[in-house]
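Student:
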Ligand SMILES: NC(=O)c1ccc[n+]([C@@H]2O[C@H](COP(=O)([O-])OP(=O)(O)OC[C@H]3O[C@@H](n4cnc5c(N)ncnc54)[C@H](OP(=O)(O)O)[C@@H]3O)[C@@H](O)[C@H]2O)c1
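Numbering (the working numbering), first residue to last: 11 to 287.
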């Protein structure tokens, strides 16, 4: 039995599809609210709150492989619980920033979970994806309301990854033993700037999508209001203020592991255009 956490999220929904389409054996999806989750009928849904690890006992029953999206509860405690429940292998979503920006707080938090997993005794696979294509959803409300999108670093391009490609690699990692003990750094197929991303959205909508480039200070004010100062500063560093070769490099891991070319940002926009209408 495979347990997918974050199953209603960007990666999780795609992973449930992958597991189903590939006939990967029994799996279940974790959500805090089955009624709202909207899983396909074939998916075994299970409720649990990672903020309350005790509530995960039914979800973990009989599970041998765990797909873990961290940061939603006490991860080290959740890993202990998983091992005691009989989990043998964990596929962990970490972040490229662990290797590109280890000095930043969010990267250090991901590194701490990686270490807790490796120290725990279960087999492990670590995924370190770069910026998600789905981060463009941050612009969706402004685009729907036809307000100009406010964007810092409009011409800094990162190799944004389609979350379904993280799911493709996760599916392989969960079902093919060769990935145990491996760390996979994952990117999209090419670099794409925010300006080019907004152009792709405009093409898909068939209308102009206006944007204004704002300064780092303005962007920090916008973001710190709901993310706090440290996370806002970290996001601004890794989206343009302090990028480096490690973060900018396009990697072919997705194609190597999944056997299919990495999906483009354009494909993500086609699949998610309704969010911007
Ligand atoms: N965005 C990026 O650019 C980026 C880059 C590198 C790494 N990452 C990492 O990717 C991960 C996020 O992946 P994602 O985008 O697929 O996730 P997501 O779309 O944000 O979804 C997370 C899901 O987790 C569930 N959840 C939230 N709190 C929970 C709780 N207390 N207990 C149980 N479930 C809970 C929610 O489902 P329910 O509401 O149904 O419970 C939600 O659908 C993070 O660890 C992040 O650090 C992101």
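Each residue gets a CB set at the ideal place from its N, CA and C atoms; glycine is no exception.
The model shown is predicted, which means the values in this text are computed figures rather than measured ones.
Would you be able to state if there are at least three C-beta pairs under 8 Å between the segment 145-156 and the segment 180-191?
Tutor: No: the two stretches stay apart, fewer than three of their Cβ pairs being nearer than 8 Å.
Student: Kindly indicate which three-state DSSP category residue 114 falls into: helix, strand or coil?
Tutor: The count along the chain shown starts at 1 and reaches residue 114 at position 104. In this structure, residue 114 counts as coil in the three-state DSSP scheme.
Student: Hey, would you say the C-beta of residue 306 is under 8 Å away from at least one heavy atom of ligand 1?
Tutor: Any answer about residue 306 is impossible in this case: the structure gives the chain only from 11 up to 287.
Student: To the nearest angstrom, how far is it from the Cα of residue 254 to the Cα of residue 110?
Tutor: Mapped onto the chain shown, residue 254 falls at position 244. Mapped onto the chain shown, residue 110 falls at position 100. Rounded to the nearest angstrom, the two C-alpha atoms are 7 Å apart.
Student: Extract the residue ranges of the beta strand (DSSP E) inside the segment 66-111, only unbroken runs of 3 or more that lie entirely within it.
Tutor: Within the segment 66-111, the complete beta strand (DSSP E) runs of at least 3 residues are 75-78, 99-103.
Student: Just to check, is the beta-carbon of residue 43 closer than 8 Å to a non-hydrogen atom of ligand 1?
Tutor: For the purposes of this step, residue 43 is identified with residue 33 of the chain shown, where counting begins at 1. At least one heavy atom of ligand 1 is nearer than 8 Å to the Cβ of residue 43, so yes.
Student: Alpha carbon to alpha carbon, how far is residue 24 from residue 50? Give it in angstroms, no decimals.
Tutor: Translated into the one-based positions of the chain shown, residue 50 becomes position 40. Translated into the one-based positions of the chain shown, residue 24 becomes position 14. Taking the straight line from one Cα to the other gives about 12 Å.
Student: Tell me whether the segment 102-118 and the segment 64-82 touch, counting them as touching only if at least three CB pairs, one residue from each stretch, are closer than 8 Å.
Tutor: The segment 102-118 vs the segment 64-82: in contact.
Student: Report yes if the C-beta distance between residue 172 and residue 263 is below 9 Å; otherwise report no.
Tutor: Position 162 of the chain shown holds residue 172. Position 253 of the chain shown holds residue 263. Not in contact: residue 172 and residue 263 (Cβ atoms no closer than 9 Å).
Student: Residue 226 CB to nearest chain D CB: under 9 Å?
Tutor: Among the chains of the structure shown, chain D does not appear; only one protein chain is present.
Student: I'd like to know if the segment 158-178 and the segment 24-37 are in contact, where contact means that at least 3 CB-CB pairs between them fall below 8 Å.
Tutor: Yes, they touch.
Student: Taking only heavy atoms of ligand 1 into account, decide whether any of them is closer than 8 Å to the Cβ of residue 61.
Tutor: Position 51 of the chain shown holds residue 61. Checking every heavy atom of ligand 1 against the Cβ of residue 61, one is found closer than 8 Å.
Student: Beta-carbon within less than 7 Å of residue 93's beta-carbon, same chain only, minus the 5 sequence neighbours each way: which residues are those?
Tutor: For the purposes of this step, residue 93 is identified with residue 83 of the chain shown, where counting begins at 1. Correct list, in chain order: 130, 131, 132.
Student: Quick one: grab the DSSP three-state call for residue 49.
Tutor: The sequence position of residue 49 within the chain shown is 39, counting from 1. Coil, per DSSP.
Student: Taking 8 Å as the cut-off, is the beta-carbon of residue 207 closer than that to any non-hydrogen atom of ligand 1?
Tutor: As a working note, residue 207 is residue 197 in the chain shown. Not so, every heavy atom of ligand 1 lies at least 8 Å from the Cβ.
Student: Could you check the C-alpha separation between residue 201 and residue 257 for me, to the nearest Å?
Tutor: Counted from its first residue, the chain shown places residue 201 at position 191. Counted from its first residue, the chain shown places residue 257 at position 247. One C-alpha to the other measures close to 10 Å.
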